[in-house]
Each structure stands twice: as C-alpha cells, then as structure tokens.
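Engineer: From first to last, the protein sequence lines stand for chains C and A. Residues are numbered in my numbering as their position in the first sequence, beginning at 1, plus a constant of 64. Residues are numbered in my numbering as their position in the second sequence, beginning at 1, plus a constant of 64. C-beta atoms are modelled at their ideal positions from N, C-alpha and C, and glycine is treated no differently. The structure displayed is predicted, hence computed values, not measured ones.
2 protein chains.
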Amino acid sequence: MEQKSNYPVPDILPAPTLSRLPGYLAYVSLLKEEGVEYVSSTQISKEINVDASMIAKDLSFLNIKGKTRIGYEVATLEHKLQEFLGFKRGHNAVLIGVGSLGGSLIQDSGLVKYGLRIVAGFDVREDLIGSSICGVPIYDMAEFGRLIRTLDAGIGIIAVPMDMAQKVCDEIVEAGIRALWNFTPMRIKAPAGIVVQDTSIYADLAVMYNRLDNIHR
Amino acid sequence: MEQKSNYPVPDILPAPTLSRLPGYLAYVSLLKEEGVEYVSSTQISKEINVDASMIAKDLSFLNIKGKTRIGYEVATLEHKLQEFLGFKRGHNAVLIGVGSLGGSLIQDSGLVKYGLRIVAGFDVREDLIGSSICGVPIYDMAEFGRLIRTLDAGIGIIAVPMDMAQKVCDEIVEAGIRALWNFTPMRIKAPAGIVVQDTSIYADLAVMYNRLDNIHR
Chain C
65 MEQKSNYPVP DILPAPTLSR LPGYLAYVSL LKEEGVEYVS STQISKEINV
115 DASMIAKDLS FLNIKGKTRI GYEVATLEHK LQEFLGFKRG HNAVLIGVGS
165 LGGSLIQDSG LVKYGLRIVA GFDVREDLIG SSICGVPIYD MAEFGRLIRT
215 LDAGIGIIAV PMDMAQKVCD EIVEAGIRAL WNFTPMRIKA PAGIVVQDTS
265 IYADLAVMYN RLDNIHR
Chain A
65 MEQKSNYPVP DILPAPTLSR LPGYLAYVSL LKEEGVEYVS STQISKEINV
115 DASMIAKDLS FLNIKGKTRI GYEVATLEHK LQEFLGFKRG HNAVLIGVGS
165 LGGSLIQDSG LVKYGLRIVA GFDVREDLIG SSICGVPIYD MAEFGRLIRT
215 LDAGIGIIAV PMDMAQKVCD EIVEAGIRAL WNFTPMRIKA PAGIVVQDTS
265 IYADLAVMYN RLDNIHR
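Shown next, in the form of structure tokens:
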C-alpha cells in the first residue's frame with residue numbers, strides 16, 4: 065500500500081463527511097477536464113447541492129484550505145481528494161456469493177475505477193465452481209481458508225443469501241479478512257478491529273418507495 | 065398500486081428507521097421459514113446488532129406492538145413490514161445509462177424481488193440502442209419523452225456518467241418521472257415534489273477504505 069502523504073489528517077473522519085468527498089472529487093475532476101484552474105466552495109455548492117460552509121468544513125478536515133477571493137486550486141484539490149480517498153490505490157477483494165448481485169458486482173468495471181479489484185469469487189454452487197466471470201475465477205467456498213492465503217486480498221464482499229451472512233462473515237474473518245463489505249440486509253457482527261461497511265441497495269429502495277407513495281397519492 | 069392498509073402510520077418516516085426495516089423483515093422472514101411463532105425485540109437485537117429499544121421504537125412507528133413476555137407474532141410482523149415497505153407491490157422503473165453499472169442493475173434479479181421492475185433502458189450509444197439485456201429493451205435517449213408515455217414507469221434510475229447526471233435529471237423530470245434513483249456521485253437538483261434517492265456505492269467504498277487504512281496501519 066502506498067505511503068500516506070505527510071500533512072496531518074485526523075485518523076477517522078465522520079462518515080457523512082467521507083460520503084460527500086467522492087461527490088466533490090467527481091465535480092472537481094470535471095472542472096479540471098474543462099481547464100478550470102480555481103473553484104470556490106460557493107461554486108461547488110451551487111453545482112452539487114451541498115451547503116458551501118459544509119464543503120469548506122469537510123475540506124478543512126483534510127487540511128485543504130481555499131484562498132480568499134480565489135478559492136481552491138482545482139488541480140491540488142483533485143490530487144488531495146484522490147490521494148485521501150484511496151481510489152488510486154489498488155485494493156484487492158474477494159467476493160463471497162456469486163449470485164445475481166455478486167455477478168453484477170464482478171461485471172461493474174466502475175469498481176476498478178474506484179480502486180477495488182475483485183480477484184476471486186467463492187460460492188457453494190457446483191455449476192459455478194471452476195467457472196469464471198469477466199476473467200475472475202470462481203472457487204469452492206470450502207477452499208476459502210486455503211486459497212485466501214494466496215490471494216493477497218484484505219476485503220471480503222458479502223453477497224450471499226441473508227441467512228448465510230453471519231456464518232460467512234465468521235468464516236472469512238477467521239481466515240484473515242479485515243474488512244467486510246456487506247450487501248445483505250442483515251446486520252453482521254464482527255470482532256473489534258474488523259471494518260464492516262453495509263451497502264443496502266434494497267434499504268434505499270424502501271426509503272424511495274415510502275417517499276414516492278406519500279408524496280404522490 | 066395497491067390500497068394501503070387502514071391502520072394509521074405517519075406519512076414520512078425518518079430515513080434511518082426506514083433503512084433498518086428491511087433488515088428486520090429479512091430476519092423475521094427467516095424465522096417464519098423456520099416455523100418460529102413469536103420473537104422479542106431482544107432476540108431480534110441479538111441477531112441483527114440493533115439496540116432492542118430502537119427496534120421497538122422503529123416498529124411502533126408502524127403501529128406494531130409486541131405483547132409483554134411473548135413478543136411480536138412473527139407472521140403478523142412479516143406481513144406488516146412487507147406491506148409497509150412496498151416490496152410486494154410492483155414499481156416500474158426506467159434505467160438511464162446502460163453502461164457497466166446500469167447493465168449490472170438490469171441483470172440483478174434481486175431488484176425484482178424487492179418490487180422494482182426495470183421496463184426499459186435508455187442510452188445514447190448507437191451500439192446499445194435497439195438491443196436488449198435480459199429481455200429489457202434499450203432505446204434511444206432522444207426518444208425518451210415520446211416513449212415514457214407508453215411505459216407506465218414513475219421511477220428513473222440514473223446511471224449515466226456524472227457530468228450528464230443533472231441534464232438527464234432535468235430531462236426525465238420534464239417528461240414526467242416522479243422519483244429519481246441516483247447512482248452517480250453527483251448530487252442532483254430536482255423540483256419540489258420529486259423524490260431523489262442517492263445510492264452511492266463508491267462513497268461507501270471511500271468510507272470503508274478510510275476505516276481500513278486507519279485501523280490496519
């Protein structure tokens with residue numbers, strides 16, 4: 065893994081701040097492509113719908129400060145956000161559960177762009193074991209403990225049926241996985257020191273349905 | 065769309081509550097399959113890592129109350145959660161942007177299970193227009209305004225490159241879309257009354273990387 069830059073940044077940023085940073089990066093990258101040299105938090109605010117003072121506060125967490133009346137230098141801002149977010153560093157991951165959602169994740173080349181490389185899939189289904197999707201080999205889950213040692217992957221993506229989620233979590237943590245990206249609706253329990261990130265596509269659907277039903281009835 | 069049940073439920077629930085409901089539903093459905101008849105919030109709490117008092121509070125929003133010393137009736141709880149979450153009602157959606165992520169979404173049959181049916185895709189790429197993915201036809205984005213009237217879809221899934229997100233949003237809202245499920249890192253602006261749901265897979269990645277780098281260095 066690359067050396068971190070030497071400006072002091074707090075170890076753990078608030079999750080809401082972290083969640084907004086990719087949006088800033090996206091917009092700033094656009095500006096850079098357009099040849100824009102400076103941008104103010106007010107301009108960013110107008111474009112991406114986040115309060116200007118919140119943008120300034122978020123960026124100050126990374127020790128990024130704009131200049132009075134000039135704003136942020138676009139190239140520097142892009143570089144610092146990229147470096148901080150780790151999208152340029154490669155992170156190897158294994159996928160557990162190569163069903164519909166899991167298969168989709170392997171096929172989403174967007175993940176690679178954001179630094180996530182799925183190096184192998186694991187499943188229990190006979191018809192999947194031994195096959196490959198987009199060049200990613202699918203192995204027998206029973207072989208996980210043995211194969212993970214050869215794969216140099218610290219992240220486990222959990223896309224199994226929900227009733228298997230906790231069992232799979234226990235198994236892969238035992239085998240040395242240090243971060244779990246959980247796509248099941250189950251909240252999984254992991255030992256201290258293991259990172260758990262829930263991505264609940266279906267929970268977001270529930271929120272959207274509720275808003276939609278209530279606004280438009 | 066189905067009639068709502070007649071017990072009074074507040075119109076708009078807090079998003080964190082809504083986000084937890086699919087997890088409760090997932091667990092309760094498991095219990096029902098196992099033939100369990102009653103469950104307490106303490107049991108749910110142990111299994112899915114959410115505080116028991118928070119579970120009780122979340123469920124009380126839906127006017128679901130457990131019985132002292134018995135708990136919640138599993139079948140009733142499952143039914144009420146399913147009905148409230150709208151996963152059993154069909155919601156038609158169109159997908160704008162049939163790239164890597166968009167294509168993956170069409171292929172994810174999990175969405176159908178949660179009530180979302182993608183009825184058409186739209187793109188500007190000549191090689192995609194006129195093709196179909198898993199039976200879903202891909203149309204020319206230039207035809208959106210005309211075709212949307214025939215499709216009975218209220219939800220637009222935005223999976224275009226980020227620099228197109230706002231333009232696409234304006235266009236489809238103008239054409240009558242009432243809810244936007246935004247998968248780009250851009251925050252999009254929509255008129256009042258339009259539901260916007262952001263699902264930031266890549267923002268979740270940023271949070272996970274940050275935790276991982278800081279816990280394990």
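1. Based on the DSSP secondary-structure assignment, which residues constitute the bridge partners of C:I182?
2. Need the endpoints of the beta strand (DSSP E) that C:L244 sits in, please.
3. Which value, in whole angstroms, describes the spacing of the CA atoms of A:S164 and C:Q171?
4. Taking three-plus beta-carbon pairs below 8 angstroms as touching, is the segment 101 to 121 of chain C in contact with the segment 146 to 154 of chain C?
5. Give the single residue among C:D122, C:G87, C:V271 and C:G240 whose Cα lies nearest to the Cα of C:N113.
6. Contact criterion: CB-CB distance below 8 angstroms. Does A:S104 meet it with respect to chain C?
7. Compile a chain-ordered list of the residues in the segment 167 to 179 of chain A whose CB is closer than 8 angstroms to at least one CB of chain C.
8. Roughly how many angstroms separate the alpha carbons of A:R181 and C:Q261, rounded to a whole number?
9. If A:A239 sits next to A:L215, beta carbons under 8 angstroms apart, how far is it from one beta carbon to the other, in whole angstroms?
10. When you check each C-beta in the segment 237 to 253 of chain A against every C-beta of chain C, which residues fall closer than 8 angstroms?
11. Go through its chain and collect everything with a Cβ distance to A:E66's Cβ below 7 angstroms, but skip five positions before and after it.
12. What is the rounded straight-line gap between the Cα of A:N246 and the Cα of A:E97?
13. For a contact meaning CB atoms closer than 9 angstroms, what does A:P86 contact in chain C?
14. Taking DSSP's pairing of strands, which residues face A:P86 in a bridge?
15. Consult DSSP for A:E101 and reduce its assignment to one of helix, strand or coil.
16. Please report the distance separating the alpha-carbon of A:M29 from that of A:Y136.
17. Which bits of chain A does C:Q261 rub up against, with CB to CB less than 7 angstroms?
18. Given that A:A90 touches chain C, what residues does it touch there, using C-beta distances under 7 angstroms?
19. Could you compute how far the alpha carbon of A:G194 sits from the alpha carbon of C:R213?
Structural biologist: So, to answer that:
1. C:A157
2. A243 to N246
3. 7 angstroms
4. no
5. C:G87
6. no
7. G167, S168, L169, Q171, D172, S173, G174, L175, Y178 and G179
8. 27 angstroms
9. Between A:L215 and A:A239 the Cβ distance is about 10 angstroms, and since that is not below 8 angstroms, they are no contact.
10. R242, A243, W245, T248, P249, M250, R251, I252 and K253
11. Residue placement at A:E66 is flagged as unreliable, the pLDDT there being 38, under the threshold of 50; the coordinate-derived value follows with that caveat. The residues are R153.
12. 34 angstroms
13. P249, S264, Y266, A267, L269 and A270
14. Answer is none; A:P86 lacks a bridge partner.
15. coil
16. In the structure as shown, chain A begins at 65 and stops at 281. Residue 29 of chain A is therefore absent and cannot be evaluated.
17. D268, V271 and M272
18. M226, P249 and M250
19. 46 angstroms
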